[in-house]
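Step one of this worksheet: look at the structure below.
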């Protein structure tokens with residue numbers, strides 16, 4: 218049906234329609250393929266430049282941190298004279314974990330073990346992260362098992378003072 222109608226058109230109309238079809242095809246190719254590819258290429262180039270700047274910044278900071286660490290400039294925050302035992306006990310209570318803290322056992326001057334029952338696990342991990350970031354106290358051991366309440370655990374935590382001498 219379309220082929221018959223095409224043949225019945227005058228040659229001038231067929232040429233005009235052919236040129237119009239070609240122009241529409243080119244416009245579709247430009248707007249549907251070429252332009253999005255060009256935009257994506259520019260965006261990828263910008264992301265690569267940003268990633269390169271980020272990488273360079275991280276490298277500068279890591280070498281600076283290494284230099285400062287070697288000089289002893291990166292020390293944990295002052296504890297107000299608290300031992301690791303006192304810091305762990307008081308810190309757990311301040312973090313709202315005192316009700317779940319069942320036992321604190323000093324192993325040595327630079328090591329303490331803590332036992333928690335029914336402790337909110339997310340609060341425990343947040344507190345442990347704060348200990349490391351603020352005071353240089355590292356989690357050496359952590360064992361946990363699910364407790365009765367939702368999101369709670371029974372946990373045993375071994376803390377080591379990274380600033381203490383063994």
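In my numbering, the protein residues as written are 218 to 383.
For each residue, glycine too, the CB sits at the ideal point set by N, CA and C.
It should be emphasised that the depicted structure is a prediction, and the values quoted were computed from it without experimental measurement.
Taking all protein chains shown into account, residue 333 has 16 or more neighbouring C-beta atoms within 10 Å of its C-beta and is therefore buried.
In the DSSP assignment, residue 372 forms a beta bridge with 333 and 361. For the pair residue 375 and residue 358, the CB atoms are nearer than the 8 Å cut-off. The shortest C-alpha to C-alpha distance from residue 322 to any of 331, 308, 353 and 221 is the one to 331. Straight through space, the alpha carbons of residue 241 and residue 233 are spaced by roughly 12 Å. Ranked by Cα distance from residue 304, the first of 280, 266, 366 and 348 is 348.
In terms of CA proximity to residue 317, 371 leads the group 249, 344 and 371. In this structure, the CA atom of residue 350 is about 17 Å from the CA atom of residue 328. Judged by beta-carbon spacing, residue 344 lies within the 8 Å limit of residue 309, meaning their Cβ atoms are closer than that value. In the DSSP secondary-structure assignment, residue 250 is not bridged to any residue.
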